[in-house]
Amino acid sequence: MTATVLVVDDEPDLEALILRRFRRQIRERQVAFMFARDGLEALQSIEQHPHVDLVVLDINMPRMDGLSLLAKLQEREDRKLAIVVSAYGDMSNIRTAMNRGAFDFLTKPIDFADLESTIHKTIRHIEVLREARRRQADAERAHASLSRYFSPELAKRLAAVDGDDGMQVHWRDIAVIFTDITGFTSLVETADSNVLTDLLNEYVGGLTDVVFAYEGTVAKVIGDAIQVLFNAPGDQIDYATRAIACAQALDRRAETFRERWKERGVDFGVTRIGVHAGPALVGNFGGGRYFDYTAYGDTVNTAARLEAANKTLGTRICVSDSIACKAREFRGRPIGDLVLRGRSEALRAHEPLSAAESYGLAATQYATAFNKLEANDTDVVPAFAALVGLNADDPLANFHLKRLLNGAKGVRMHVG
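Mind the numbering: the sequence shown is residues 930 to 1345 in this note's numbering, read in order.
Here is the structure:
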């Protein structure tokens, strides 16, 4: 690419001397020269030819001197690099020129070998800056495009110049959220296709916005189901706390969405959410031609089964004890020791609560009733019956009361 140099000097013979000195470079299109007689003419030339790469200027010129021109160049958004060539080479002028952005300072009479070397050095520096700006612009465009589809953290890594940092498949401790909608298959079969498209786009878009607000990574969207990762691809010290808070925010958004569409005559199902934490294989499983950043392993399967357990329990959010213990100041109530589908060992699960709910009378009575359930206390049935009497819509109180009336004991139960 030809570099364009604007020479600003009122000496009448300088243009011919420079064209003669650089005739080979000009012929080979390595460099092109423009000329101006003072600072004002130079600014006009730059306005007409914004592709100017480098300004070589004198200090002592009519109408606008070189130091004033330097100041004007620094005010431009595309700050031009400048070399000062002047007979006024005292320290005061040199310092002023450098403070106003001069890249180098040469003294007159001109040593053309020195000038040629300095111009080439400056042009190389310009090329480095231009390439850095190009790479930054490419990265910003890539990030803007990727941010439409991926979480900000994942988009930042994908758009990075240094490639796939954190994208390789590796074992990593993560938190996983799974969401699903009850009765979605029936809705697909009965709803108008245009309504269904608007419905699903708004739903997935709204839940994705919530995930991004908590800096989670959307790993998969399969129909109505969403898989979310925390502590991947980047490190998040508080990933367990974020995941539970995100799950509660997803629940609030989904319930608001469901009520709004219910008013429009659409029976949109409840969103069920499962949350678990543990080790998993994380990375790009798409090979060289397809990008599929996701996670696999028992941790992921457990989160999915906790989501499904909500159907049996009557709850909307079910989180494992492992993530509840990792979270800061977890508020919730124990569900029991769940033996999930395909498992033989039980896993303690909880239903997270808001701060207001956790300090209410119902939470206190539930804790008392659950302690009786763990201890196989004979008063456990009246305890849960009283809780149902306090709030007939309490899903866990109803679930445990039905179990107890059917002869169940203790907190261990098979679900899913």
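The beta carbon of each residue, even a glycine, is placed where N, CA and C say it ideally should be.
Residue burial annotation: Thr1126 is exposed, with fewer than 16 other C-beta atoms found within 10 angstroms of its C-beta. The region 1196-1208 makes contact with the region 1106-1118, as at least three CB pairs between them are under 8 Å. Residue burial annotation: Asp1308 is exposed, with fewer than 16 other C-beta atoms found within 10 angstroms of its C-beta.
Listed in chain order, the non-local C-beta contacts of Ala1169 below 7 Å within the same chain comprise Ala1104, Ala1206, Ile1252, Lys1255 and Ala1256, local neighbours out to five positions each way being set aside. According to the DSSP assignment, Thr1025 belongs to the alpha helix (DSSP H) that extends over Met1020 to Asn1028. A Cβ-Cβ separation of about 16 Å leaves Cys1175 out of contact with Val1229 under the 8 Å criterion. Ranked by Cα distance from Ala932, the first of Phe964, Met1096, His980 and Leu946 is His980. The C-beta separation of Tyr1222 from Met1096 comes to about 7 Å, placing the pair in contact by the 8 Å criterion. Secondary structure of Val1309 (DSSP, three-state): helix. Segment contact: the region 945-965 against the region 1045-1053, three or more CB-CB distances shorter than 8 Å; contact assigned.
The closest CA to that of Ser1273, considering only Ala1031, Arg1341, Arg1171 and Phe1041, is found on Arg1341. For Ile1173, the enclosing alpha helix (DSSP H) begins and ends at Tyr1168 to Lys1191. Sequence-distant Cβ neighbours of Gln1177 in its own chain, meaning closer than 8 Å and more than five residues away, are Ile1246, Pro1281 and Ser1283. If only complete runs of 4 or more residues are kept, the region 1251-1300 shows the alpha helix (DSSP H) at 1284-1287, in order along the chain. According to DSSP, residue pairing for His1205 in a beta bridge involves Val1105. Taking the Cβ atoms as the reference, Leu1128 lies roughly 7 Å from Val1195, within the contact range of under 8 Å. At least 8 Å separates the beta-carbon of Arg1029 from that of Leu986.
Under the three-state reduction of DSSP, Gly1163 is assigned to coil, being neither helix nor strand. Ile1173 is classed as buried because its beta carbon has at least 16 other beta carbons within 10 Å across all chains shown. Only residues of its own chain outside the window of five on either side were considered, and among them Ala1291, Tyr1295, Leu1316 and Val1317 have a CB closer than 8 Å to the CB of Asp1323, listed in chain order.
Contact between Pro991 and Asp1019 is ruled out by a C-beta separation of about 21 Å, above the 8 Å threshold. Ala1042 and Arg1063 have their C-alpha atoms some 31 Å from each other. Under the rule that a run must span 4 or more residues, the alpha helix (DSSP H) segments found entirely inside the region 931-978 read 943-950, 952-956 and 968-977. By DSSP's assignment, Lys1009 forms no beta bridge with any residue. Around Ile988, the same chain offers Asp994, Gly995, Leu996, Val1013, Ser1015, Tyr1017 and Asn1022 as residues with beta carbons nearer than 7 Å, after the five sequence neighbours per side are excluded. In the DSSP annotation of this structure, the continuous segment of the alpha helix (DSSP H) that includes Phe1328 starts and ends at Pro1324 to Leu1334.
With 16 or more other Cβ atoms inside 10 Å of its own Cβ, Leu998 counts as buried.
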